[in-house]
Structure formats: C-alpha cells, structure tokens
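These protein sequences, in sequence, are chains U and R. For the record, in the first sequence the residue sitting at position 55 is 123 according to my numbering, with numbers rising by one throughout. For the record, in the second sequence the residue sitting at position 226 is 736 according to my numbering, with numbers rising by one throughout. Just so you know, even glycine gets a beta-carbon here, dropped at the ideal spot from N, CA and C. Keep in mind it's a predicted model, so treat the numbers as computed, not measured. What follows is one structure encoded as structure tokens, with my remarks underneath.
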Amino acid sequence: MMKILVAVKRVVDYNIKVRVKPDGSDVDIDGVKMGVNPFDENAIEEALRLKEQGKAIEVIAVSFGTQVNQDVLRHALAMGADRAILVESTAKLQSLSVAKLLKAVVEREQPNLILLGKQSIDDDAGQMGQMLAGLLNYPQATFASSIKIEGNEATVTREVDGGTETLALNLPAVITADLRLNEPRFVKLPNLMMARKKPIETMSADELGINLEPRLKLLKVNEPPARKPGIRVNSVEELLNKLRAEEGITL
Amino acid sequence: MKTLIIAEHNGKQLSPAVQQAVTAAQFWQAPVDLLVAGGNDAIVQAAASITGINRVLHANAVYLAHPLAEDVTNLILSIASDYQVILAAHSSFSRNILPRVGALLDVAMISDALTIHADNTYKRSGYAGNVHNVIRSTDNIQLLTVHSSNFAAASLGGSAEVINIDVPASFTKTRWISETHNLSDRPALSSAKIVVSGGRSLGSAENFEEILAPLATKLGAALGATRAAVDAGYAPNDIQVGQTGVVVAPELYIAVGVSGAVQHTYGMKDSRIVVAINQDPDAPIFQVADYGLVADLFEAVPTLTAALN
Ligand SMILES: Cc1cc2nc3c(=O)[nH]c(=O)nc-3n(C[C@H](O)[C@H](O)[C@H](O)COP(=O)(O)OP(=O)(O)OC[C@H]3O[C@@H](n4cnc5c(N)ncnc54)[C@H](O)[C@@H]3O)c2cc1C
Ligand SMILES: Nc1ncnc2c1ncn2[C@@H]1O[C@H](COP(=O)(O)O)[C@@H](O)[C@H]1O
C-alpha cells in the first residue's frame, strides 16, 4: 500500500494585499497573517482521501523553512496527516533548491506518490513539482483536477489551456494539485488539539549537503503601475458614447 | 551564442504566441531556432514562415503525437548544449515542461517574464500581480517563459530552413490517454480583441449563456469567467481568467457581475480598456475599470446588447 508525501508551503494568506518595504528591497510580511499555500491544502486533502479509500497507509507532510513553519505542518496534521517533517533552513529558498531538498527527503522516505500544489501564491513560480519529477526521473502530472489510483498506476486528469488532458503514470510519480481537485476539509478544534500529539521531526537542511545559494537575485520590488483612474457612467448609452467617441472603439 | 524557442502547437495549428516569443527572443540578438516537437507539415511550415528566425528543428516520432513533458524535456536536453537561451511563451504547455528542463540543466527558471533587460535581468510579478520583482539570473543558461501579451507578434512571410532532428528514446512510464477540448465558435480567449467575462452573480449556466453569449456574439468577443462562476458550474474551466486561469490583455474587457478579487484582476488588468458592470458601487473591480456602470447586470447587459447596431 502506498505511502504519500505532501509538500506544504507557508505563505501570506491569500486575502492579504502585501505591501512593499519603503526601500523596495522586498515585501513587508512582518506580522502578516500566514497560512498553508491554498493549492497545498488541495494536495493534503487528496492524500487523505486516498488514504480513506484504502489506497494509502500513510500521509507525511513536509515543509521547508524555519521553525515558524510548524504551524502549517500542524494544520496538515490536524487535517489528518500521520506525521510531519520540517527541513530547517534560514536561506532564501527558491524552487530549484527546494526541489533538491525534497528529492533528498523522497530518497529517505521512499513514498509511492508525491503530491504538491501546482504553484505557490507568493512567488507564483509553479515549478517545484516538475523540477522534483525531473531530478527523480519520475513521471509527472501537473494541474491535476482528478486522481485515481489502481494498482501501480495513477490516472490523472489535468487542466490545460482550452480543455483537459488525461494521463496514466506508473508509480512512483509526482502530481501537482489544482484548486478544482477537491474541496479541502475544515479543521475542527478537537483535531487541532489531537494534532499536537502527532510527531513533527525536524532536520537541518545543512545535513543534506545541498548548495542553497539562490540563483535568482532579487534586485528590487516595486508596486505595479496603477491603472489611470476611471470614471463612472450613468447609463448604457453614455458608456457606448464614451467607448466610441473617446476610445475609438467600433461597436 | 544561440537562442532556442519551444514552439507550442495543438497538433493542428501553431500557437500564435510563438510569434510573440520570437520577438522576446530578439532581445539577445542571437540566431533563433524554433523546436517543433511532433506536429505536422503545416505546423512546421507555419513556424518556418515567422520572420527573424534562423532554423526550425522538427522532431517527429509516433510518441510525440501528444507530446508529454517527460519526452519533450529529454528532447530539449538532447540539443540544449547548443543554446545559451531557452524560452517559450508562458502557457500550460510550457509551464509543464520547462521547470523539468531547468532541474536537469541545474538552472533556475524564470516563469512568466514581463520584461527582459540587460545583464540577465527580468521583471516578473509576484503575489498575484500585487508586486513586481526585478530579478537577476546568475546561471549561464537563461531559461524562461515570457508573458506573451507584453511582446508584439513577429511578422510572417519568412522561409527559414527546416531540419529534422533525431529524437531520444521515449519515456515509457507515462501514457497519454485522452484529451477534451471545449469547442467554441468564438475567438480564442487568450488572443481575442474583446472579452466579456461573467461572475458568480449570473446565477446559473443558463443565465451565463442567455445574458452574456448574445453580447459576446455581437461584439465578436471571447467569453471569460471568474473562478467562482467556473466552480459553480456556470462556465467551463478553460475560460477562467486570473492567477490560476488564463491571462488576457484585449483591447476591451467587459467584466459583468465580477467583484474584482486580485486573483481575477491579475488575469485582465493589462487590458487596454476595462468596463465594469456591477450593482455594488464599492466593488473592487471599479478600481481597475476605465468605465464603471453601477447597475443590475440583468437589465444593463440586455440593454447594451440591444444598443449595438
Ligand atoms: C489560490 C487562489 C487562486 C484563485 N484564482 C482565481 C482566478 O484565477 N480567477 C478568478 O476569477 N478567481 C480566482 N480566485 C477566486 C477569487 O479570490 C474570487 O473568489 C473570485 O474571483 C470571485 O468571483 P466573482 O467575482 O464571480 O464572485 P463574488 O466575489 O461573489 O462577486 C460577485 C459580484 O457580483 C456583483 N453582483 C451580484 N449581483 C449582481 C447583479 N444582479 N448585477 C450586477 N452585479 C451583481 C456583486 O456586487 C459582487 O461584486 C482564486 C482564489 C484563490 C484562493
Ligand atoms: N518551502 C516549501 N516548503 C514546502 N513545500 C514547498 C515549498 N516551496 C514550494 N513548495 C511546494 O511546491 C509547490 C509549487 O511551488 P512553486 O514552484 O514555488 O510555485 C507548492 O505548492 C508546494 O507544494
């Protein structure tokens, strides 16, 4: 029976509009509400459902970052993950470094399936799953909206531009979750209490012997240029007049 | 120094965004080769007709009829040593493949570059477009996808040389099973001149069709939708506009009953003119709209449709 590893990133809550630091060196996330990357919640949920269907015996959540990442791992445990691993590093972790770290965890844990979010909502990179699959020479299916496991094969429907695509992957494989994969369950308070008893193992990224030097240097962070302020129109007629006369749009 | 573009196609046609990728590639002022994986003669000829390119490399094999990320990656790796820049237009196709290539070349990939500057420097957005990051790559190979709507399309009329290249053995651990296309007579969402988008407030798939389709038809527009409308089953998933959907930048974007969440505006705020119709005067969509009409969409949209010639 399968063992599933889920990668869980800690990001700024998706409802929050981040601010740029006055010196433009980065965004200011001091004291800002943090949470599980939304797509990673779908990944956890799917892993739990596979376990509930009797397809998997163990769900392990892993996060890369500092001690503060305990909160997102607790959330995963409260949802129902069996145990968690925190790989600690104070380096600025970019997708390529995290993929290498995650590969090391995969080699240790030997999961049959690795589930990730399709993209993190802070960097909007959307790279980690594909990178990990490449490093491991595993099959990959990104942007998954449905996953079925039968024996040694995962059948995955992916959301692609203009429609969907269905693939069959030999396990072990890497799959990244889209929002429509499932509706993540709510965490109930008693589960949160129980999750405190579940183990979080901590290891240091340094022990894994991977060069974490960021390849992409962040030079500057800007607020994007604002659109010029618009105007209110009072009727459809006025709207059409403006579009035709002032914007030169033929309608 | 040479540049390689991964040329996307759907088995029938070359993606129009390849022409924009070619313009982006000219930044490096180096010969540009286009790689076509699979595809037919018409696609290869269309690629060869893009002006400003050096050669089209055509890789054909039965297993490339539906190109998988694993196979296209191995194909790119088989020729990568000739290139210092490898790029593609940002799409679900390229996003699926290029990070895998990056990992195997040990290169950090740049996703969805908005602009390209000297010294391997790029601007790209983060936090659903709430910030712009200026980043510099320290890798020897530049590997990126580009935000097509920021680059003009290279013209057609050229006739570049076409070369058939060898293909590596297929990756057999993944099998293509099937695909579905949401067929529509409307223009493609990502390249349409006008887009009419609807939100959850349409209330049903029937309303979405009955209220928005006549307007879109009269305007020759593509239809778009918010995630909330897609999740509610009012519209197919491939017309979702936003951070996790399609990014559009038409001449005119008409948002109907759309609240204007950042995840949605990420996908449309580069449109030239934005019109918003919403009954809530405080809806955030009005902050990105050039023309805002506070009205009930069920009255305003039919009136608008009727008022068009
Ligand atoms: C990780 C993540 C990614 C996301 N990605 C996307 C994405 O790619 N695209 C996307 O769109 N969303 C995305 N979302 C969801 C996004 O946050 C919003 O929830 C969504 O865009 C809201 O859709 P809506 O405007 O249709 O619905 P609502 O927010 O419910 O807004 C409905 C609007 O309709 C107006 N209205 C109601 N009745 C009428 C009427 N009769 N006439 C006129 N106006 C009326 C209301 O005033 C309101 O403003 C994402 C969310 C997350 C967490
Ligand atoms: N620091 C991290 N810790 C755990 N998982 C991560 C981390 N960074 C990225 N991931 C995973 O990789 C996915 C894609 O991330 P990205 O490539 O950054 O968009 C996320 O949805 C997570 O599942």
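Check whether the Cβ atoms of residue i and residue j lie closer than 8 Å to each other.
| i | j | result |
| --- | --- | --- |
| residue 722 (chain R) | residue 708 (chain R) | yes |
| residue 102 (chain U) | residue 86 (chain U) | no |
| residue 76 (chain U) | residue 129 (chain U) | yes |
| residue 817 (chain R) | residue 314 (chain U) | no |
| residue 185 (chain U) | residue 108 (chain U) | yes |
| residue 581 (chain R) | residue 681 (chain R) | yes |
| residue 289 (chain U) | residue 92 (chain U) | yes |
| residue 209 (chain U) | residue 241 (chain U) | yes |
| residue 141 (chain U) | residue 167 (chain U) | no |
| residue 795 (chain R) | residue 811 (chain R) | no |
| residue 546 (chain R) | residue 517 (chain R) | yes |
| residue 298 (chain U) | residue 806 (chain R) | no |
| residue 499 (chain R) | residue 634 (chain R) | Only positions 511 to 819 of chain R appear in the structure, and residue 499 (chain R) is not among them; the question remains open. |
| residue 110 (chain U) | residue 245 (chain U) | yes |
| residue 116 (chain U) | residue 100 (chain U) | no |
| residue 124 (chain U) | residue 71 (chain U) | yes |
| residue 777 (chain R) | residue 802 (chain R) | no |
| residue 761 (chain R) | residue 703 (chain R) | yes |
| residue 589 (chain R) | residue 670 (chain R) | no |
| residue 567 (chain R) | residue 544 (chain R) | yes |
| residue 515 (chain R) | residue 532 (chain R) | yes |
Which bits of chain R does residue i rub up against, with CB to CB less than 9 Å?
| i | result |
| --- | --- |
| residue 121 (chain U) | Within chain R, no residue comes near residue 121 (chain U); the closest Cβ sits about 21 Å away, beyond 9 Å. |
| residue 162 (chain U) | 618 |
| residue 170 (chain U) | Going along chain R, no residue has its Cβ under 9 Å from residue 170 (chain U), so there is no contact; the nearest lies around 11 Å. |
| residue 291 (chain U) | 640, 641, 642 |
What in chain R is Cβ-close to residue i, meaning under 7 Å?
| i | result |
| --- | --- |
| residue 288 (chain U) | 644 |
| residue 199 (chain U) | 609, 610, 612, 613 |
| residue 202 (chain U) | 583, 610, 613, 614 |
| residue 167 (chain U) | 613 |
| residue 73 (chain U) | Within 7 Å Cβ-Cβ: nothing; residue 73 (chain U) doesn't reach chain R, min ~17 Å. |
Quick one: which chain U residues come within Cβ less than 8 Å of residue i?
| i | result |
| --- | --- |
| residue 691 (chain R) | 230, 231 |
| residue 631 (chain R) | 287 |
| residue 649 (chain R) | 283 |
| residue 802 (chain R) | 298, 299, 300, 301 |
For residue i, verify whether its CB is less than 7 Å away from any heavy atom of ligand 2.
| i | result |
| --- | --- |
| residue 630 (chain R) | no |
| residue 105 (chain U) | yes |
| residue 164 (chain U) | no |
| residue 168 (chain U) | no |
| residue 537 (chain R) | no |
| residue 194 (chain U) | yes |
| residue 77 (chain U) | yes |
| residue 150 (chain U) | no |
| residue 159 (chain U) | no |
| residue 132 (chain U) | yes |
Can you pull the chain U neighbours of residue i, defined as C-beta to C-beta under 7 Å?
| i | result |
| --- | --- |
| residue 747 (chain R) | 227, 248 |
| residue 640 (chain R) | 85, 86 |
| residue 818 (chain R) | 319 |
| residue 720 (chain R) | Neighbours of residue 720 (chain R) on chain U: none; closest Cβ ~18 Å, over 7 Å. |
| residue 779 (chain R) | 295 |
Taking C-beta pairs closer than 8 Å, name the residues in chain R that residue i reaches, listed in chain order.
| i | result |
| --- | --- |
| residue 194 (chain U) | 605, 609, 621 |
| residue 223 (chain U) | 687 |
| residue 317 (chain U) | 761, 762, 783 |
| residue 95 (chain U) | 636, 637, 641 |
| residue 90 (chain U) | Within chain R, no residue comes near residue 90 (chain U); the closest Cβ sits about 14 Å away, beyond 8 Å. |
Any heavy atom of ligand 1 closer than 7 Å to the CB of residue i?
| i | result |
| --- | --- |
| residue 787 (chain R) | yes |
| residue 808 (chain R) | yes |
| residue 189 (chain U) | yes |
| residue 769 (chain R) | yes |
| residue 709 (chain R) | yes |
| residue 298 (chain U) | no |
| residue 249 (chain U) | no |
| residue 755 (chain R) | yes |
Which residues of chain U have a Cβ atom closer than 9 Å to the Cβ of residue i, listed in chain order?
| i | result |
| --- | --- |
| residue 625 (chain R) | The contacting residues do not exist; residue 625 (chain R) stays about 12 Å from chain U at best. |
Under 9 Å, CB to CB, which of the residues in the stretch 603-622 of chain R have a partner in chain U? Answer in chain order: 603, 605, 606, 607, 608, 609, 610, 611, 612, 613, 614, 616, 617, 618, 619, 620, 621, 622.
Where the stretch 177-192 of chain U meets chain R: residues whose CB sits under 9 Å from a CB there: Cβ contacts with chain R come from 186, 187, 189, 190, 191, 192.
Under 9 Å, CB to CB, which of the residues in the stretch 295-313 of chain U have a partner in chain R? The stretch 295-313 of chain U vs chain R, Cβ under 9 Å: 295, 296, 297, 298, 299, 300, 301, 302, 303, 304, 305, 306, 307, 308, 310, 311.
Name the residues in the stretch 261-282 of chain U whose C-beta lies less than 7 Å from a C-beta of chain R; which are they? In summary, no residue of the stretch 261-282 of chain U has a CB separated from any CB of chain R by less than 7 Å.
Residues of the stretch 787-800 of chain R in Cβ contact with chain U at a cutoff of 9 Å, in chain order, please. Here the close residues are 787, 791, 796, 797, 798, 799, 800.
Contact residues within the stretch 232-245 of chain U, judged by C-beta distance below 7 Å to chain R: Here the close residues are 232, 233, 234, 235, 236, 237, 238.
What are the residues in the stretch 202-216 of chain U lying within 9 Å of chain R by C-beta distance? If the cut-off is 9 Å between Cβ atoms, the stretch 202-216 of chain U has 202, 203, 205, 206, 207, 208, 209, 210, 211, 213 near chain R.
The stretch 112-142 of chain U: positions lying closer than 8 Å to chain R by Cβ: So the list is empty, because no residue satisfies the distance condition.
What residues from the stretch 518-548 of chain R come within 8 Å of chain U, judged by C-beta to C-beta, listed N to C? Within the stretch 518-548 of chain R, the residues whose Cβ lies closer than 8 Å to some Cβ of chain U are 520, listed in chain order.
If you measure beta-carbon to beta-carbon, which residues of the stretch 659-674 of chain R are closer than 9 Å to chain U? Flagged: no residues at all.
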